[in-house]
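Residue numbers (this note's numbering): 9 to 359. Remarks on the structure that follows.
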């Protein structure tokens with residue numbers, strides 16, 4: 009069979025922007041080797057947003073740092089797996105080649121802008137540095153680009169604030185500066201690690217709307233890391249749920265919210281505050297006037313990655329656990345007849 013040009017174009021169009029396969033990242037500790045990310049796989053198509061959700065310590069941020077090859081050496085290492093950007097495995101590139109990709113083809117917004125921005129340089133100087141590192145622009149051209157980016161992300165009076173220091177800006181404005189810096193070179197992929205942490209609700213909504221707007225304007229893919237499923241529902245098209253270093257559920261956002269297929273995901277969704285299930289007042293708890301039900305919580309804590317329970321990693325906290333859950337760790341498998349909905353649970357059809 010002869011492959012035509014049309015066949016090649018069609019095959020190329022099916023290659024996702026980002027494909028992570030069987031990624032394993034570990035750290036050496038005094039107690040031994042700790043696997044923070046354990047055989048994680050997912051894809052991000054062009055122009056789409058993937059939400060990665062889970063509690064603190066589940067491996068979300070380490071996954072992001074692994075994609076950018078920013079795991080600290082020698083204590084940390086990517087043991088195996090692949091990270092393909094448009095079909096090219098960037099884990100096999102030299103450090104020099106990787107430097108061309110970081111901040112250029114792949115950019116990242118870090119959790120806390122006050123610690124991510126250098127306090128002794130103006131925000132403009134830091135954006136200019138990022139631009140000139142990857143693009144052949146004069147300082148004047150880079151400054152004009154920095155002002156343009158500050159205007160794009162909604163910074164007032166960008167011609168003036170380009171010379172402001174981080175401490176002179178509010179938390180929301182600093183986060184906008186981080187977004188401007190990340191997008192200055194028009195990357196193909198943006199990784200946003202808890203981009204709305206420590207911001208008030210109004211500013212959170214503005215930042216999420218801004219990321220979605222810029223995604224559509226620039227046609228980039230987005231990996232949104234968060235512990236908040238409400239944030240995912242707002243902007244993501246697909247969701248990966250992580251627990252103790254593993255992917256436990258992966259699905260289109262609509263499918264996951266309509267019917268989660270893993271007890272952990274269901275617990276996360278049930279714990280979202282709503283008007284229908286508000287916490288009881290102290291008077292209600294003491295047997296006073298009739299009130300609403302308590303806000304459900306997931307009992308227990310995330311297991312020690314150096315001392316995981318046998319079988320399913322969620323078994324000790326799972327309300328649906330049975331003896332068989334301790335026999336072997338379930339594989340990630342399709343569920344409900346939906347090839348795009350995967351769950352790591354032997355009782356997924358019952359959830």
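Yeah, the Cβ is synthetic: ideal placement off N, Cα and C, and Gly gets one too.
query, result
"Length of the line joining the Cα atoms of residue 334 and residue 159", "55 Å"
"According to DSSP, residues forming a beta bridge with residue 180", "Per DSSP, none; premise fails for residue 180."
"For residue 304 and residue 265, the rounded distance between their alpha carbons", "17 Å"
"Cut-off 7 Å between Cβ atoms - residues of its own chain near residue 12, not counting five sequence neighbours on either side", "Low per-residue confidence applies at residue 12: pLDDT is 40, beneath 50, and the placement is therefore not dependable, though the value from the model is reported in the following sentence. Taken in chain order, the list of residues that qualify is empty."
"Continuous beta strand (DSSP E) assignments of at least 3 residues falling wholly in the stretch 17-58", "26-37 and 40-52"
"Beta-carbon proximity of residue 199 to residue 122, cut-off 9 Å", "no"
"Beta carbon of residue 270 nearer than 9 Å to that of residue 321", "no"
"Rounded straight-line distance, which links the Cα of residue 58 to that of residue 237", "12 Å"
"For residue 120 and residue 205, believed in contact at Cβ under 8 Å, the rounded distance", "7 Å"
"Delimiting residues of the alpha helix (DSSP H) encompassing residue 223", "209-226"
"CA-to-CA distance, residue 148 to residue 129, given in whole angstroms", "17 Å"
"According to DSSP, residues forming a beta bridge with residue 232", "59 and 200"
"Buried or exposed by the 16-neighbour rule on C-beta atoms within 10 Å, applied to residue 191", "buried"
"Short Cβ contact (9 Å threshold) for residue 31 with residue 48", "yes"
"Which listed residue (253, 356, 339 and 261) has its alpha carbon closest to that of residue 62", "253"
"Three-state secondary structure assigned by DSSP to residue 312", "coil"
"Under 9 Å between C-beta atoms of residue 113 and residue 196", "yes"
"Residue interval of the beta strand (DSSP E) (run including residue 116)", "114-117"
"Straight-line gap, residue 218 to residue 25 (C-alpha atoms, nearest Å)", "21 Å"
"Unbroken beta strand (DSSP E) run spanning residue 89, endpoints", "84-93"
"Where residue 241 falls: helix, strand or coil (DSSP)", "helix"
"Proximal residues to residue 272 (C-beta, below 6 Å), its chain only, five neighbours per side dropped", "251, 256 and 322"
"Given residue 136 as reference, the closest of 188, 317, 87 and 174 once Cα atoms are compared", "188"
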